[in-house]
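Student: Just so it is clear: in the sequence shown, position 34 is 228 by the numbering used here, and no numbers are missing. Structure below; questions to follow.
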Amino acid sequence: MDTSQLLLWGGAAVMAASVLAGLAAAVILRLTGKRLRRRLEEEFGKRRH
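Laid out in structure tokens, this is it:
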């Protein structure tokens, strides 16, 4: 495998890893946001707009 192919597949692997990390972060933030919103509603009541 020459240098250009190594750079190509290495870049593709880094892109795939960053997409997976972004999806994992989105799921974690959504779950913690729901938990936080539920706790705040318990303590302070529903939001008023």
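Every residue gets a Cβ at the ideal spot worked out from N, C-alpha and C, and that includes glycine.
Could you tell me the distance, in whole angstroms, from the CA atom of Lys228 to the CA atom of Ile222?
Tutor: 10 Å
Student: Determine the direct distance from the alpha carbon of Ala219 to that of Glu235, and round the result to whole angstroms.
Tutor: 24 Å
Student: Taking only the alpha-carbon atoms, compute the straight-line gap between Asp196 and Ala215 and give it to the nearest angstrom.
Tutor: 28 Å
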